[in-house]
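Shown next, in structure tokens, is the structure this report addresses.
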Amino acid sequence: MDFLSDQSPEMLPGNRSLPPLQGAIEAPHGTTIVAASFPGGVVLAGDRRATMGNMIAQRDIEKVFPADEYSAVGIAGTAGLAVEMVKLFQLELEHFEKVEGAQLSLEGKANRLSTMIRSNLAMAMQGLAVVPLFAGYDVDREKGRIFSYDVTGGRSEENGYAATGSGSIFARGSMKKLYREDLTEEQALTLVVQALYDAADDDSATGGPDVARRIYPIVTVITDEGFRRLGDQESADIARSILERRLEQPDGPRAALL
Amino acid sequence: MSTPFYVSPQQAMADRAEYARKGIARGRSLVVLQYADGIVFVGENPSRALHKFSEIYDRIGFAAAGKYNEYENLRIGGVRYADLRGYTYDRDDVTARGLANVYAQTLGTIFSSAAEKPYEVELVVAEVGTAPEGDQIYRLPHDGSIVDEHGSVAVGGNAEQISSFLDQRHRDGMTLAEALKLAVQALSREPGGGEREIPAERLEVAVLDRTRPQQRKFKRIVGRQLTRLLDAEAASATPTDAPSDTEETDTTDSTDTGTGTGTDTGTASGSTEE
Chain E
0 MDFLSDQSPE MLPGNRSLPP LQGAIEAPHG TTIVAASFPG GVVLAGDRRA TMGNMIAQRD
60 IEKVFPADEY SAVGIAGTAG LAVEMVKLFQ LELEHFEKVE GAQLSLEGKA NRLSTMIRSN
120 LAMAMQGLAV VPLFAGYDVD REKGRIFSYD VTGGRSEENG YAATGSGSIF ARGSMKKLYR
180 EDLTEEQALT LVVQALYDAA DDDSATGGPD VARRIYPIVT VITDEGFRRL GDQESADIAR
240 SILERRLEQP DGPRAALL
Chain P
0 MSTPFYVSPQ QAMADRAEYA RKGIARGRSL VVLQYADGIV FVGENPSRAL HKFSEIYDRI
60 GFAAAGKYNE YENLRIGGVR YADLRGYTYD RDDVTARGLA NVYAQTLGTI FSSAAEKPYE
120 VELVVAEVGT APEGDQIYRL PHDGSIVDEH GSVAVGGNAE QISSFLDQRH RDGMTLAEAL
180 KLAVQALSRE PGGGEREIPA ERLEVAVLDR TRPQQRKFKR IVGRQLTRLL DAEAASATPT
240 DAPSDTEETD TTDSTDTGTG TGTDTGTASG STEE
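Here the protein sequences line up with chains E and P, keeping their order.
0 is the number that numbering that gives the first Met the number 0 gives to position 1 of the first sequence; each next residue is one higher, with no gaps.
60 is the number that numbering that gives the first Met the number 0 gives to position 61 of the second sequence; each next residue is one higher, with no gaps.
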């Protein structure tokens, strides 16, 4: 990172000259990312839609990436900038690990991401915001942790579950009613896909499972064994089982009234 | 004003080469061998934290003999070169050949610059291919030349004797345990012709394993896994038709995930090893 800023500063996202503002810039935006922790790890999932204004820009965009062996980052906001930010973030974690011979602490990684988001503030003011969700397994504390960010780089650790992006309000509401602290890994996976379904139900910019095209959410899980992305089939199975139930009960599982 | 003595360029270069060679010869030797599933690095290293071998990039490993602070400097330079390349272009565009060229330039410049003392290091840059034919091993002596090696290579103090020992016995398609056994045999040869025992805890072993599912193929072999491999080699004492002990590479993938093995933040107080 330091080396990059010395050698070719124009490669860094924060050092770019800003384009003159002519109305709103049309660029693909990623939408909803959700995360939930369970004893032994954390799951992070994202829908597949990218929108540009009222248009669907891409149906099968991937918005959840491994940051390193024990952490992952999901991105909402301007897709192009976000993907590049993730690429740089991955590079930095790997570079640190190789040079120092040890991994950064989870806290350290989260702080680093915070600085990177802040460096994008000027772009964010022009409507090109990037707001990721960071989740990882803390090897020292032996538990999954979730960090959410705001557009200024403000970082806050979330307890249990979190969501970001345009559909986050609905996803958070869904998880609020469904989340329990003693979820198994499998239940946590179902929970996040349920939340994405609810987000897609009420937010036009979030994509639901696309059965015809076989496009299902990207679901990842991080435990002490490291990062794992669910295969297409696994993710399809979860989404389909939810869909099946929703055919009978369109609003999804009901929580107790009292 | 006194006139400086005239020293012929040949003499000056010979002196510098002599100086560098002596510095390198003070350190312990290390060997790099090809085996069926990749490339193995074996060396004697009393320190758990100051590594002689390390990861440069996905398929590229680095080994060095000589002065720690000097090769550590080169190693970090290599990691930076590789990471910047990979970020600017693509991960596939980082090659051992490119890296070896950069090292050769650096070492050559330092060696022939009168203002600096020559680096007392000898490097090996290795890249594992998708098949054994794709493996590349480059040896970089102190003067900045590049030697393209095949099969096995030794650098450090007793390199010549160890190389000839390895050349006679190394063959293609060895298992990891066989290659490790051969490497340890080679390293335990004394310059005088005798042999000494190298205990497992003084061995530093790392592999570039092409069968690893992860993108990054470099892996250190430590602790139980190392003793198991050394025991496996003892069991099959005659490595003529050894059973396939390739399973150990699979079983260990779950334990090795933190490539740095946790606590060893190598903040080295630069000193000549051994």
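Backbone N, C-alpha and C fix where the C-beta goes; we use that ideal spot for every residue, glycine too.
Keep in mind it's a predicted model, so treat the numbers as computed, not measured.
### Short Cβ contact (8 Å threshold) for residue 84 of chain E with residue 27 of chain E
No; because the gap between Cβ atoms is not below 8 Å, this pair is not in contact.
### Task
Give the straight-line distance between the Cα atoms of residue 157 of chain P and residue 24 of chain P, rounded to the nearest whole angstrom.
7 Å
#### Entry: C-beta neighbour in chain P for residue 142 of chain E, strict 8 Å
no
### Task
Starting from the beta carbon of residue 78 of chain P, find every residue of chain E whose beta carbon is closer than 8 Å, and list them in chain order.
94, 97, 98
### Query
Is the beta carbon of residue 95 of chain P less than 8 Å from the beta carbon of residue 135 of chain P?
yes
### Message
Pull the bridge partners of residue 62 of chain P from the DSSP assignment, please.
### Response
Looking at the DSSP output, residue 62 of chain P shares a beta bridge with P:52, P:123.
### Query
When the Cα atoms are used, what is the spatial distance from residue 201 of chain P to residue 188 of chain P?
15 Å
### Message
Among E:157, E:212, E:170, E:175, whose alpha-carbon lies nearest the alpha-carbon of residue 200 of chain E?
### Response
E:170
### Query
Distance, Cα to Cα, residue 166 of chain P vs residue 151 of chain P?
7 Å
### Task
Anything in the stretch 63-92 of chain P with a Cβ closer than 8 Å to a Cβ of chain E? List those residues in chain order, please.
75, 78, 79, 82, 83, 85, 86, 87
### Query
Does residue 61 of chain E come within less than 8 Å of chain P when only Cβ atoms are used?
So no, residue 61 of chain E is outside the interface.
### Query
From what residue to what residue does the alpha helix (DSSP H) around residue 122 of chain E run?
120-124
### Query
How many Å lie between residue 157 of chain E and residue 212 of chain P at the Cα?
Looking at the backbone, the Cα of residue 157 of chain E and that of residue 212 of chain P are separated by about 32 Å.
### Residue closest to residue 49 of chain P, alpha-carbon to alpha-carbon, out of P:74, P:38, P:149
Put simply, of P:74, P:38, P:149 the residue whose alpha carbon is nearest the alpha carbon of residue 49 of chain P is P:74.
### Query
Going by the CB atoms, is the gap between residue 110 of chain P and residue 15 of chain P shorter than 8 Å?
Their beta carbons are under 8 Å apart, which means residue 15 of chain P touches residue 110 of chain P by this criterion.
### Task
Compute the Euclidean distance between the alpha carbons of residue 10 of chain P and residue 38 of chain P, then round it to the nearest angstrom.
39 Å
### Query
Are at least three pairs of beta-carbons, each pair with one atom in the stretch 51-70 of chain P and one in the stretch 178-196 of chain P, less than 8 Å apart?
no
### Message
Could you tell me the alpha carbon to alpha carbon distance between residue 92 of chain E and residue 226 of chain E, rounded to whole angstroms?
### Response
15 Å
### Query
With DSSP run on the structure shown, which of helix, strand or coil describes residue 214 of chain E?
strand
### Close beta carbons around residue 42 of chain E, own chain, < 6 Å, minus the five adjacent residues each side
These residues qualify, in order along the chain: 35, 187, 188, 191, 220.
### Task
Starting from residue 54 of chain P, find everything on chain E with Cβ-Cβ shorter than 9 Å and list it in chain order.
96, 97
### Query
Closest Cβ-Cβ distance between residue 50 of chain P and chain E: below 8 Å?
yes
### Message
Any beta carbon from chain P within less than 8 Å of residue 6 of chain E's own beta carbon?
### Response
Any Cβ of chain P closer than 8 Å to the Cβ of residue 6 of chain E would place that residue at the interface, and such an atom is present.
### Query
Expressed to the nearest angstrom, what Euclidean distance is found between the alpha-carbon atoms of residue 6 of chain E and residue 14 of chain E?
Going by the C-alpha atoms only, they are around 13 Å apart.
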